[in-house]
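Here's the structure, in structure tokens; my notes come after.
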Amino acid sequence: GDSVTQMEGPVTLSEEAFLTINCTYTATGYPSLFWYVQYPGEGLQLLLKATKADDKGSNKGFEATYRKETTSFHLEKGSVQVSDSAVYFCALSDDDYKLSFGAGTTVTVRA
Amino acid sequence: ETGVTQTPRHLVMGMTNKKSLKCEQHLGHNAMYWYKQSAKKPLELMFVYNFKEQTENNSVPSRFSPECPNSSHLFLHLHTLQPEDSALYLCASSQNARGGPKNIQYFGAGTRLSVL
């Protein structure tokens, strides 16, 4: 079945550092890929998405590229801020509506 | 603000209590979902409703009983829960319960449930 594996946290960074969160997936079809973010005390918010190979999703300075050859969708941000502290979830959706989530990566950015 | 509102935000209940979680969406969507988020585990899909009809029950124990009276409202009725049911319960909605890259799920802030 479909599954998502993302790097375990927690990840602790200083402000303006470079952030990478690795995500790889297993799927039978050609899934859509997502990154969701969960800020403290809140629900999940869609951060970015990509729907086909080589697509790049971007939002709020975050980027991720759909790499079919390596079945990956790594999240990157060049210069993080304290406000980026959150839990980040990689997810995929195959032909149906179901979302398969990774376990989440907790990111803490220190001033 | 995602357009999906969940109440209450926090709930503490005993194992013999009966309580209900409420979810309301203002997005004009036709599909609604209940998820369970436990510590150190991926989100677990519990129930799916599409146009008020339940289309998915992911082997959820009967002590959890969903209700969807219309496309904008979703309830989760709880009774005789166990301590291991303590978790964050998230509601989501989407245009419909079909596939496709435009069918994005929007989540509420969740209800933090503690079962004593």
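Chains as they are written, first to last, in our numbering: chain A, 1 to 111; chain B, 1001 to 1116.
A virtual CB, placed ideally from N, CA and C, is assigned to each residue, including glycine.
Quick one: list the residues of chain B neighbouring residue i, beta-carbon separation under 7 Å, in chain order.
i	result
A:Gln81	Chain B residues near A:Gln81: none, gap ~21 Å exceeds 7 Å.
Kindly indicate if chain B contains any beta-carbon less than 8 Å away from that of residue i.
i	result
A:Tyr97	yes
A:Gly115	An answer regarding residue 115 of chain A cannot be provided, because it is not within the stretch 1 to 111 covered by chain A.
A:Leu46	yes
A:Glu63	no
A:Gly43	yes
Determine the closest residue to residue i out of the options, with distance taken between C-alpha atoms.
i	options	result
A:Lys49	A:Gly43, A:Gly61, A:Trp35, A:Phe62	A:Trp35
B:Ser1093	B:Arg1112, B:Arg1009, B:Trp1034	B:Trp1034
A:Ala111	A:Lys56, A:Glu8, A:Thr12	A:Thr12
B:Ile1104	A:Thr108, A:Glu16, A:Asp94, A:Thr106	A:Asp94
B:Asn1050	B:Leu1116, B:Gly1003, B:Ser1072	B:Ser1072
B:Thr1016	B:Gly1108, B:Pro1083, B:Cys1023, B:Gly1028	B:Pro1083
B:Arg1063	B:Gln1025, B:Glu1053, B:Thr1080	B:Thr1080
A:Ala64	A:Cys90, A:Asp84, A:Gln81	A:Cys90
B:Ala1109	A:Gln45, A:Ile21, A:Thr26, A:Lys56	A:Gln45
A:Glu42	A:Tyr97, A:Val87, A:Lys98, A:Leu99	A:Val87
A:Ser72	A:Ser85, A:Asn59, A:Leu99, A:Thr24	A:Thr24
A:Asn59	A:Leu47, A:Asn22, A:Glu8	A:Leu47
Does chain A have any CB closer than 8 Å to the CB of residue i?
i	result
B:Gly1110	yes
B:Thr1016	no
B:Ala1087	no
B:Leu1074	no
B:Asn1103	yes
B:Leu1090	yes
B:Leu1021	no
B:Leu1011	no
B:Leu986	Any answer about residue 986 of chain B is impossible in this case: the structure gives chain B only from 1001 up to 1116.
Just the chain A side, please: which residues come within less than 8 Å of residue i by C-beta, in chain order?
i	result
B:Ser1094	Tyr97
B:Thr1002	Gly43, Gln45
B:Arg1063	Ordered by position in chain A, no residue passes the 8 Å Cβ test against B:Arg1063, which lies about 23 Å from the chain.
B:Phe1107	Tyr36, Gly43, Leu44, Gln45
Between which residues of its own chain and residue i is the CB-CB distance below 7 Å, once the five residues before and five after are set aside?
i	result
B:Lys1019	Leu1011, Met1013, Leu1078
A:Gln81	Glu15, Val109
B:Gln1025	Gly1003, Val1004, Met1032, Ser1072, Ser1093
Quick one: list the residues of chain B neighbouring residue i, beta-carbon separation under 8 Å, in chain order.
i	result
A:Gly103	Here residue 103 of chain A is Ala; the residue named in the question, Gly, does not match the sequence. Within chain B, the residues near A:Ala103 are Lys1040, Lys1041, Pro1042.
Using C-beta distances below 6 Å, list every residue in its chain close to residue i, excluding the 5 sequence neighbours before and after it, in chain order.
i	result
B:Val1048	Tyr1033, Thr1055, Glu1056, Ala1097
A:Glu16	Ser79
A:Lys77	Leu19, Gly61, Phe62
A:Thr26	Ser3
So, at 8 Å on beta carbons, what are the nonlocal neighbours of residue i in its own chain, with the 5 sequence-adjacent residues on each side left out?
i	result
B:Leu1116	Val1012, Met1013, Gly1014, Met1015, Pro1083
B:Asn1058	Glu1044, Leu1045, Met1046, Phe1047
Going along the segment 1043 to 1056 of chain B in order, which residues come within less than 7 Å of chain A, judged by CB to CB distance? Leu1043, Leu1045
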